[in-house]
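Data block below; observations after.
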Amino acid sequence: MHERAMRIAIVDESASRASIIQEGLSQLPEAEIFVLTDRRGLMARMAEIAPDVVLIDLGNPSRDVLEEYFAVSRALAKPIAMFVDASDDSAIAASIDAGVSAYVVDGLASHRIRSVLDLAVRRFNAFARLQAELATAQGKLADRDAVDRAKRILMDSKHISEPEAYAELRRKAMSTNRRIAEIAEAVVTAHELLEGK
Amino acid sequence: MVDRLNIGFLPLVDACLPILAQEHGFAEEEGLSLKFIRDVSWATVLDRLLYGHSDAAHLVAPLAIATTLGRGRMAQPLATPFVLGLNGNAITFANDLAAKLTSPGQLGDPVVAGARLREAAQAALARGQPLRLGVVHRYSSHNYKLRYWLAASGIRPDEDVEITTVAPPYVADALASGEIDGACVGEPWSSVCVERGVGTIVLATAQIWRRGVEKVLAFREPVLEDKRGPAEALIRAMRKAGRHFIDPENWQVNAAILARPEYLDGAASLILRSISDRLVLAHGAAPVHYGDFMFQYSEAANFPWISQAEWLYSQMVRWDQIAFDPLDAARAARVFRPDVYRSALVGTGDALPGASSKVEGSVSALMQVSTQQGTITLSPNTFFDHRSFDPADITGYLASLP
Chain A
1 MHERAMRIAI VDESASRASI IQEGLSQLPE AEIFVLTDRR GLMARMAEIA PDVVLIDLGN
61 PSRDVLEEYF AVSRALAKPI AMFVDASDDS AIAASIDAGV SAYVVDGLAS HRIRSVLDLA
121 VRRFNAFARL QAELATAQGK LADRDAVDRA KRILMDSKHI SEPEAYAELR RKAMSTNRRI
181 AEIAEAVVTA HELLEGK
Chain B
1 MVDRLNIGFL PLVDACLPIL AQEHGFAEEE GLSLKFIRDV SWATVLDRLL YGHSDAAHLV
61 APLAIATTLG RGRMAQPLAT PFVLGLNGNA ITFANDLAAK LTSPGQLGDP VVAGARLREA
121 AQAALARGQP LRLGVVHRYS SHNYKLRYWL AASGIRPDED VEITTVAPPY VADALASGEI
181 DGACVGEPWS SVCVERGVGT IVLATAQIWR RGVEKVLAFR EPVLEDKRGP AEALIRAMRK
241 AGRHFIDPEN WQVNAAILAR PEYLDGAASL ILRSISDRLV LAHGAAPVHY GDFMFQYSEA
301 ANFPWISQAE WLYSQMVRWD QIAFDPLDAA RAARVFRPDV YRSALVGTGD ALPGASSKVE
361 GSVSALMQVS TQQGTITLSP NTFFDHRSFD PADITGYLAS LP
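Here the protein sequences line up with chains A and B, keeping their order. Counting along the first sequence from 1, when you hit position 47 you're at 47 in this note's numbering, and nothing is skipped either side. Counting along the second sequence from 1, when you hit position 67 you're at 67 in this note's numbering, and nothing is skipped either side.
Encoded structure:
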């Protein structure tokens with residue numbers, strides 16, 4: 001059976017996340033995907049696109065505006081919050097957990113909604129994972145930088161070798177039950193204060 | 001044992017009571033630990049409540065009723081045992097328009113400002129560019145109080161002007177860009193408009209209805225039943241937070257707490273204005289004291305009067321243009337739960353009204369009311385047009401409105 005191409009609008013102020021979701025949804029057969037990242041002119045674009053499905057992240061301040069637009073829209077096929085149809089509560093719960101909400105026009109086959117939602121949830125989770133990994137990597141880099149600087153300060157002020165400086169940081173960390181990076185930051189901060197930086 | 005509750009909120013000053021209950025240890029005294037989930041739209045606050053991310057949420061009161069009645073999404077009964085505050089919103093206009101409505105820096109007179117706005121609205125309409133006014137949500141008291149004022153001033157909200165939804169953090173931008181001509185929004189967002197010089201506060205919503213219900217603490221009804229003990233503990237903790245909140249000694253420290261990044265993430269100096277009921281109404285003007293601006297704690301301000309829920313339902317019928325339905329009215333009334341409020345506070349010495357419903361807008365001079373415990377003297381709770389709302393006759397009330 002031939003199905004008309006489904007028009008999916010992705011509303012996301014994060015262009016990088018939007019493109020990750022778009023890439024995921026492009027696997028869908030018979031789907032046309034539109035990405036809206038700009039808050040200004042959002043409703044006018046929405047009217048032009050006349051989407052069957054709208055995906056918007058839970059952290060988007062435009063959600064209330066969008067819901068109002070759908071409520072007063074004179075279009076025949078206006079998307080409504082997916083919660084109106086509670087046939088698949090677990091899928092909705094999964095999407096809320098992932099941080100995405102969906103609006104769907106009435107009458108769209110539920111298996112088609114399901115496949116969009118599943119893909120969107122997977123992509124949202126993947127993006128969150130990437131963000132977390134990036135944050136960890138950045139944290140590690142910052143930690144390493146602080147430890148290097150602290151070692152240098154100790155080496156210069158106490159005239160000790162690099163392994164000895166590291167051993168001092170580690171000893172202090174163990175005795176105070178803190179991370180080496182925290183001790184290193186304290187050393188750097190104290191040094192900056194004393195140097196009047 | 002400590003009970004944990006997750007509370008959803010939007011960064012607005014009237015989210016203060018649960019936050020201060022936690023920060024000042026009142027929650028802990030009641031055996032509670034509160035965790036907060038901050039969001040930026042009411043839709044998301046509601047989704048998290050409905051899907052269990054939060055146990056309770058700071059919510060615009062009409063949205064609790066709309067959700068219960070299934071307006072816009074599947075019906076899910078909500079229950080609100082506690083009103084988080086009365087009023088606290090302002091109506092702010094672009095500077096040039098504001099100067100036509102009042103003398104900038106002074107609060108307008110709602111009758112006079114309404115009549116002048118009517119002229120401005122008609123002129124704008126004749127030019128083919130109707131005035132655009134922003135509200136924070138279709139189902140907000142902001143929307144209902146703005147519309148109440150407009151309609152009573154001879155301005156038809158759906159024909160003579162355009163009312164549009166604007167997220168609170170974007171109100172100042174929307175005024176600056178001319179996207180809207182005015183807005184009704186909660187603090188600190190009107191003060192942000194004034195500070196940026198893009199808007200002038202003309203009215204406080206308290207001038208439209210002196211004791212108008214504002215945000216509520218909402219639970220899913222089954223969750224309130226399951227967590228009845230912790231919910232009642234939270235009510236007691238929030239009453240203690242309210243007593244702390246209204247004491248001028250604590251204003252500075254409370255403004256500083258609310259300003260933190262995890263709560264409102266804003267300027268303590270602006271938050272202090274609504275806490276102290278001292279607002280700067282126009283850029284560079286001296287602060288004006290208006291004691292009713294945000295009404296907290298006193299006169300059982302947090303008591304969920306069933307008549308308040310019924311007034312909100314009457315406005316939903318009025319502006320959604322739906323037929324009055326006695327069953328819906330009863331379901332709307334049940335959203336407000338004075339029984340839970342009473343059960344939480346009985347024996348604490350806190351004042352409890354004797355009745356659960358009253359004729360709203362009927363108190364025009366100080367009035368001692370009968371109580372279950374303690375004493376309560378109600379000060380005027382009038383609507384600016386002197387109408388009153390008798391919950392026993394909602395259809396008659398609706399018929400009497402313009």
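In this text, a Cβ means the ideal position worked out from N, Cα and C, and glycines have one as well.
For B/M1 and B/G229, the gap between their C-alpha atoms comes out near 12 Å. Under the three-state reduction of DSSP, B/W42 is assigned to helix.
For the C-beta of A/S101, the chain B residues within less than 9 Å are, from N- to C-terminus, A43, T44 and D47. Using a Cβ-Cβ cut-off of 8 Å, A/N125 does not count as an interface residue toward chain B, since no Cβ of chain B sits closer than that to its own. Around the beta carbon of A/A109, fewer than 16 other beta carbons lie within 10 angstroms, which makes this residue exposed. Residue state for A/P51 is assigned as coil, using DSSP reduced to three classes. Burial state of A/L130 is exposed, judged by a 10 Å Cβ sphere holding fewer than 16 other Cβ atoms. DSSP links B/K35 through a beta bridge to B/N6. The beta carbon of A/G59 falls within 8 Å of a beta carbon belonging to chain B, placing the residue at that interface. At least 8 Å separates the beta-carbon of B/V369 from that of B/S388. Listed in chain order, the alpha helix (DSSP H) elements of length 4 or more contained wholly in the stretch 130-213 of chain B are 141-152, 171-177 and 189-196. Contact between the stretch 55-62 of chain B and the stretch 277-290 of chain B is absent: fewer than 3 CB-CB pairs across the two stretches fall below 8 Å.
If you keep only unbroken alpha helix (DSSP H) runs of at least 4 residues inside the stretch 292-324 of chain B, you get 306-320.
Under DSSP, B/Q373 shares a beta bridge with B/L352. If you check each beta-carbon in the stretch 64-76 of chain B against every beta-carbon of chain A, the ones closer than 8 Å belong to G72, R73 and M74. Looking from the CA of B/R210, the closest CA among B/L378, B/R334 and B/V40 belongs to B/L378. Counting C-beta pairs with one atom in each stretch, the stretch 138-147 of chain B and the stretch 87-95 of chain B have three or more that are closer than 8 Å, which means they touch.
For B/K240, the secondary structure class from DSSP, reduced to helix, strand or coil, is helix. For B/A167, the chain A residues whose C-beta falls within less than 7 Å of its own C-beta are P61, S62, D64 and V65, listed in chain order. Per DSSP, the unbroken beta strand (DSSP E) holding A/E32 starts and ends at A31 to L36. Against chain A, the CB of B/R138 has a partner CB under 8 Å away; the residue lies at that interface. Shown here, B/Y290 sits in coil according to DSSP, grouped into three states, outside any helix or strand.
A contact is defined here as three or more CB-CB pairs under 8 Å, and the stretch 52-67 of chain A meets this definition with respect to the stretch 6-25 of chain A.
B/F384 carries a coil assignment under DSSP once its states are collapsed to helix, strand and coil. Per the Cβ contact rule, the stretch 101-120 of chain A is in contact with the stretch 71-82 of chain A (3 or more Cβ pairs under 8 Å). For chain A, the residues of the stretch 13-47 of chain B that bring a beta carbon within less than 9 Å of one of its beta carbons are D39, V40, S41, W42, A43, T44 and D47, in chain order. It is roughly 15 Å from the alpha-carbon of B/M367 to the alpha-carbon of B/S357. Straight through space, the alpha carbons of B/Q252 and B/A152 are spaced by roughly 38 Å. By the criterion of a C-beta distance shorter than 8 Å, B/T165 is surrounded in its chain by G134, V135, V136, H137 and R138, once the five residues flanking it on both sides are discounted. At a cut-off of 8 Å between C-beta atoms, A/E68 counts as an interface residue with respect to chain B. The straight-line gap separating the alpha-carbon atoms of A/I49 and A/L36 is approximately 10 Å. Note on geometry: alpha-carbon atoms of B/P402 and B/I394 lie some 14 Å from one another.
Setting aside the 5 residues that flank it on each side, B/F93 is surrounded in the same chain by L101, D181, G182, G199, T200 and V202, each with a C-beta closer than 7 Å to its C-beta; the list follows chain order. Beta-bridge partners assigned by DSSP to B/H58: B/L217. In the DSSP assignment, A/A81 is bridged to A/Y103. Taking the Cα positions, B/E225 is about 23 Å away from B/A355.
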